[in-house]
Each structure stands twice: as C-alpha cells, then as structure tokens.
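Written out below as structure tokens is the structure these notes cover.
Chains as they are written, first to last, in our numbering: chain A, 24 to 672; chain B, 565 to 686.
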C-alpha cells in the first residue's frame, strides 16, 4: 500500500510539472498581468499549452544532443519556468486590463451548480467505463507506448521505422528498417516525460489516466470555445453550459470520448483538445485584432501539426474555408479587413513566431509524415472501403441523433442571423462553426467531393464537437424564442412539457448510447496471462531468434513488444484476416500461414527463412494445428496462452 | 459563484477518479486478485532439459504431474502448491537418458483442469 501511495504522489506531481506548469508560466509571460483569461480558461489553456510546450522543449533538448533523463527534463522545465517568470516580472508593471473576460467568467449560482453537476456526472460516467478498461490492453495504446518507452530507454527522439517481411530471390527475409508515417512525435513525448519523472512503468494505469485527463480538458475546451463564440449573446453562458452537457455526460463513452481514451487513440484525443482551443485563439485574435492571440493560436496550430496529422489537416481546411468566407462576407470592405489582418501578421510576436516555427521545422524536427511524403496518401480518390464515405444513417449514429437534429436547427438559425447581419459585421462564430461542420460532413459523407482519403467514421467522430455547440445554440434559441414570443408556434402552457419531452429524448438517446458502449472489453485474467507469457519469453530472449504471435485471438498482444523493445515489429504477428485480403496492408502471407497452418510447405519455408522459433498463440483457438505436427515443442501453457518452440530441424 | 469553486470541485473529482482508476488497475494487474489460473512451463525452452515450473494463481493447491514417454508413464508425483507460489521441478537427466521414446510430455492436473507441455527430443 505504501508503494502505491508513493507512486501516486510521484504520478500527480509529475502530471502537475509536465501538464500544467509550462503552459501556466507561458501564459504569464505572454499576457503578463492582464486579466485576459478567467480561471477556468487559464486552467484549460495551461493544460493544453503544456502538452505543446513539453513537445517543443523535448525536441530542442533532443536536437541539442542532451539525453532525456529525469534530471534533464526537470532542469529544462525549470529553466523554461524561470525564463517565463522573468518575462512576467518585466511585464507586470503594465496596467491591468479589465476586459469582457471578467463578465464571461462570472456565473450565477444556478449556472455554477449546473456546470459542477455536468462535470461531476461526466467524470462519474467515464470513471465507471474506464474502471473495466484501465488495465492496459488496447492495440493502439500498446503501439504508442512502445515508442514512448523507446524514448525513455534511449533518451533520444526515435526514428519511426519498422522492419517488415519482404520477399527476396524467392525467399522471405526481415527487410531493412522502413519509415512509418502513422506515428507523430507529439503523441509520445508527454508520456515519456511523465514516466521519466515519476518512474512509473508503461504497462500501468498512467497512460490511460493521462488520456482521460486530456479527454476531460477537451470537453472543457468546447465549453470555453462556445462561451467565446457566443460572447455577444445574452445566452452565451447557457449555450456553453448546454454544449458542455451535450459533449459531456451523454454519449460519454462512444468515440471520440472514453472509447478513444481506453483504446489509446492518442493523436485524436489530443487533437480534440487542441483544435477547439486553436479556434478559440483565432476568434479572439480576429475579433480583438490582438497579435498576441494570433501568436498563441499559431503556436497551438503548430502543436497540432506535431501531434496529429488528421486533426491538423482538418484544421487547415477549416481555417482556409473560414478565411475565404470571412473575405466574401466582408467583400465590400475587403481592403480594410486584409489590412487589419496584415497588421497582426506583421507584428513582432507573430513574425518572431513564424521565424521560430520555420527554423524549428527545418533544423530541429520535421514531422515524420512530411518527411515521408505521407500527405500524398490522404489526398486523392478513396481506395479503401472504410474511406469511401458513410451513409446519412451511419453519420447520424456516429454523432448522436439529438446532436445532429438540434445541430441542423442551430446551423439554419445561425445562417439566417448571419444573412440578416452580413453587411454589419463579420460573424466569425457562424463562419467557423459552418466551415467546421461543413468540411466534416463532406469528408465523412462524400469524400470524393473534397478529394481526401481518410477513414470516414473517424472523421465523422470529429463532428460531435461543432455539433454540440450548434445543437446547444439551436436548443437555446428555439426555447428562448418560444418563451418570449410563445403563442406563435406553441401555446405557452405547452412550453414546459415540450421542453421536458425534448430533454427526455436527448438524455435517453445519450444514456442509451452510453449503456450500449459500456460493455466490458478485455478480461483482466486474459491480459495478465499474455503479459506473463511475454515476461517468460523475454526473460529467455537469448533462446528466441525471432518470435511470432497472434493478434486475432490473443488479448493485449500489441503490448508484447514492450517486453522486448527490439523493434516495433518484434515479435511479428498474424494480423486480422481482412488485412491480408485487401491487398494494401499486408503484402505477405507468412504470418498468416505460420499460425493457421504451421506444417504447410509455405509455413515451413517461412519459419526457416525468417528463423522464427517462438510462437505465442491463444491456446483455445490455435492449439490443434500445432499439436498435429512434430515440428514444435509446447513449452508454456496457461489457461489461454500457449508458447511453442520450433527447434532447428 | 466563484469559478475557483468550480475548479476546486473539478480537480478533486478528477483526483478521486484517477486514484480509483489507479487502485483498480493495480488490483486487475495482480496475478492473483479475482483470478483463477495456473501455468506450467519449461525452464529452458530450447535445450533438452525437462526442468519445469508450475506457477499457481488459482484456489487449487493439490497438483499431480506425470512425465510421459509417448504413452508410457515414466514418473508421477503429487505436489502441493499454495496460491501465489511456484514450484520448480528438476528432472534428473540421467533417468531419461536411455529411454527410446522421443516425445516427453509433462501432464499436470489440479483435479479439474489439465495442462501439458512437451518436447520432442532426438
């Protein structure tokens, strides 16, 4: 128990140091003593900013040739903190600036109670789900943690490479290391930093809890974005609270929420935190014509590019569309608009940031997907079936029926308001929300129109964020209008029952979705059996030249490589069957054949060519074919896992 | 209401939730907690050594092992292994040096379940 308490203290301390301190002191340095942000915003922005800043600090450290250790990371954060505080001390003589922010940061008692109730309920539901999935077992998380562990063990920025099976002169060999574009450095560095500082191992609760915190802060990010987008509305706080409700406790488990957290979908989860906050800063920059907001917005955009390419691509497209719509919206006064933007762009903070970003990308670290020209793989016609678009029904279930219904109402009403006021001012809130949901809907439903090839369901998951804000606006607008102008469409006496009816529909849909997704996933016993078998093999690694394991029926199999740390593709594995059938993912069938039919001539050739002498499989599924042959020894047997040894014949 | 109160409640809720999740993970990762399994393995996978270990994470404590040379029982013994304990069984290589059988199978039962490991020696 004492060691658990000690470990917990180390964990929370390292979370504070890695995921709060850098962002907080950075805000102090950039904005000085001005009351630019309320307390909630400061907390959320500090958290998200820390993720980006830790990435950049560690990349600089790596470039300088300094090994990542507990000391070097703490010293770097300490130095960064000292520099930021020195700048803050220099700036604090400036006068305090009372802004609109103070009004936005004050909630009535009822509103505060609603926020607390929503947040606590969200945390309770997510905790309930994660209790069963907290033991690390998901495939994606296993893949990611391999790289984070690699960073901790080597103290260096990793080369994202793997060795695949290739055919050469009629034989199979493990080929040379080839770059992987699926992983981005920003997905791994924060985990390495926390593990190095706290000393907690990767096969533990900490990766899922860090993702869970990122998910919760992402939800709160939507809250502060909604508050900012509708700052001119007298209902801004209620819209923000309703957005929080629509993104928090209902549909709390389905992707991209806790399913992504437990499933280790790191890039998306971080992207879903950074994207709303990036929009937040751009909205403030353009509305308040403040170069410092643009500076931080650009920093957050850069963070996206170093963390998740899909979210970064979405951001780029939304941003481009927003700029186009803004210019069209203000076409008569386009010159003044462009001049005001250029003034911000050619300001000292923005220019210095652009120089920094350029130098950083050129000389410090270029994201792997740019180096490998992987961008070309997402541009063009969708080849894979799962990239070819969803039906409207699939889209509806992905984003949640009530969110879609009220979201559509919200966008129509906003569109009407936008049209009425189009000559007076730029309605950035409408333009951003419209561009955001339009692009998501197009890519998810009709990817060919946009010319991108991305998993359609994954892109549809992004829709829950703008739709939550739009649905909250739609809901608030309809009921506030009915309340004020009641009698036009509905009798005032029917308003309250109508509200109850609609709320019941929303809550029921969201809760039903939670219940459907709350099914137990991995059985802890099966997970620990896989880990035990991995430990057995890794303790005797000198006796295994190459190992093959199964992915289809073995629980938590992607974590096996963390016991060896020899290569991302060590042990090699039999993938899901469709991977061999689509002709894209797996170009060899050795891994399939060696487990499915180990005594076939093809398998014997594969075993001999690849020097595989260890095979880890699910006992209940794959034992029979190994028992039939005399080419294997059964050297390990538990309830669910068998290990076979193939002696040199 | 001050936003500080909202933040304090948020942080406390997240802290309690994280501690609960950590505590649960620690229990789920425990080889014994709410689990019922045992495992048998050769100490040396690659060589001709037949030394093996039974690791018990089940409620059963009485185990029986048989060393079979093809269909013949070469050795049989009852052993007791407590929960969360393991027992290494060393096989005297001399005893099996001159046997004609090639496939040496070690069958372990706990009364209900049976597991086996084998080597096919030249």
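We treat Cβ as the ideally placed atom computed from N, Cα and C, and that holds for glycine.
Name the DSSP beta bridge partners of residue i, please?
i	result
residue 639 of chain A	A:572 and A:666
residue 621 of chain B	B:601
residue 162 of chain A	Residue 162 of chain A pairs with nothing; no bridge assigned.
residue 202 of chain A	A:184
residue 189 of chain A	A:196
residue 616 of chain B	B:606 and B:653
residue 673 of chain B	B:628 and B:678
residue 595 of chain A	A:571
residue 86 of chain A	Paired residue(s): none; residue 86 of chain A is not in a bridge.
residue 312 of chain A	Answer by DSSP bridge pairing: none, since residue 312 of chain A is not bridged.
residue 714 of chain A	Because residue 714 of chain A is not part of the residues shown, which for chain A are 24 to 672, the question remains open.
Quick check on this structure: which residue in the options has the alpha carbon closest to the alpha carbon of residue i?
i	options	result
residue 620 of chain A	A:602, A:604 and A:644	A:644
residue 89 of chain A	A:24, A:178 and A:49	A:178
residue 200 of chain A	A:590, A:624 and A:55	A:590
residue 152 of chain A	A:415, A:545, A:445 and A:469	A:545
residue 669 of chain B	B:601, B:607 and B:633	B:633
residue 113 of chain A	A:139, A:51 and A:144	A:51
residue 608 of chain B	A:566, A:493 and A:586	A:566
residue 133 of chain A	A:75, A:36, A:260 and A:254	A:260
residue 496 of chain A	A:227, A:253, A:191 and A:78	A:253
residue 146 of chain A	B:606, B:568 and B:574	B:574
residue 192 of chain A	A:669, A:56, A:632 and A:66	A:632
residue 407 of chain A	A:91, A:142 and A:605	A:605
residue 503 of chain A	A:436, A:554 and A:531	A:436
residue 494 of chain A	A:516, A:195, A:526 and A:520	A:526
residue 566 of chain B	A:150, A:262, A:135 and A:348	A:135
With DSSP as the reference, label residue i as helix, strand or coil.
i	result
residue 440 of chain A	helix
residue 632 of chain B	strand
residue 640 of chain B	strand
residue 673 of chain A	This structure gives no information on residue 673 of chain A, because the portion of chain A shown stretches from 24 to 672.
residue 294 of chain A	helix
residue 67 of chain A	helix
residue 504 of chain A	helix
residue 592 of chain B	helix
residue 450 of chain A	coil
residue 632 of chain A	helix
residue 680 of chain B	strand
residue 256 of chain A	coil
residue 106 of chain A	helix
residue 221 of chain A	helix
residue 402 of chain A	strand
residue 56 of chain A	coil
residue 645 of chain B	coil
With 16 as the cutoff for other CB atoms within 10 Å, does residue i come out buried or exposed?
i	result
residue 324 of chain A	buried
residue 403 of chain A	exposed
residue 548 of chain A	buried
residue 251 of chain A	buried
residue 582 of chain B	buried
residue 656 of chain B	exposed
residue 667 of chain A	buried
residue 659 of chain B	exposed
residue 459 of chain A	buried
residue 539 of chain A	exposed
residue 625 of chain B	exposed
residue 99 of chain A	buried
residue 92 of chain A	exposed
residue 29 of chain A	exposed
residue 499 of chain A	buried
residue 623 of chain B	exposed
Closest Cβ-Cβ distance between residue i and chain D: below 7 Å?
i	result
residue 588 of chain B	As a matter of chain content, chain D is missing from the structure shown, whose protein chains are A and B.
Residue i: beta carbon under 6 Å from a heavy atom of the ligand NAD?
i	result
residue 666 of chain A	Questions concerning the ligand NAD fall outside what the structure shown contains, since it holds no ligand whatsoever.
#### Entry: Three or more C-beta pairs below 8 Å linking the stretch 646-660 of chain B and the stretch 605-622 of chain B
yes
### Query
Should the stretch 208-217 of chain A be regarded as contacting the stretch 649-656 of chain A, the criterion being three or more beta carbon pairs within less than 8 Å?
no
### Query
Would you call the stretch 268-283 of chain A and the stretch 418-432 of chain A in contact, with 3 or more CB pairs under 8 Å?
Between the stretch 268-283 of chain A and the stretch 418-432 of chain A, the count of C-beta pairs closer than 8 Å reaches three or more; the two stretches touch.
### Message
Check whether the stretch 95-110 of chain A and the stretch 329-348 of chain A touch, using three or more Cβ-Cβ pairs below 8 Å as the test.
### Response
no
### Task
Give a yes or no on contact between the stretch 584-592 of chain B and the stretch 155-170 of chain A, applying the rule of three or more CB pairs nearer than 8 Å.
yes
### Query
For the 8 Å Cβ check, are there 3 or more pairs between the stretch 40-60 of chain A and the stretch 73-92 of chain A?
They touch, by the three-pair rule.
### Query
Given 8 Å as the limit, is there contact between the stretch 307-315 of chain A and the stretch 367-385 of chain A, that is, 3 or more CB pairs closer than that?
yes
### Message
Using a Cβ distance threshold of 8 Å, determine whether the stretch 453-471 of chain A contacts the stretch 342-352 of chain A, with at least three qualifying pairs required.
### Response
The answer is yes - the stretch 342-352 of chain A touches the stretch 453-471 of chain A, with three or more Cβ pairs under 8 Å.
### Query
Is the number of C-beta pairs between the stretch 467-485 of chain A and the stretch 404-419 of chain A that are closer than 8 Å three or more?
yes
### Task
Pair every Cβ in the stretch 171-185 of chain A with every Cβ in the stretch 568-578 of chain A, then say whether three or more of these pairs are closer than 8 Å.
no
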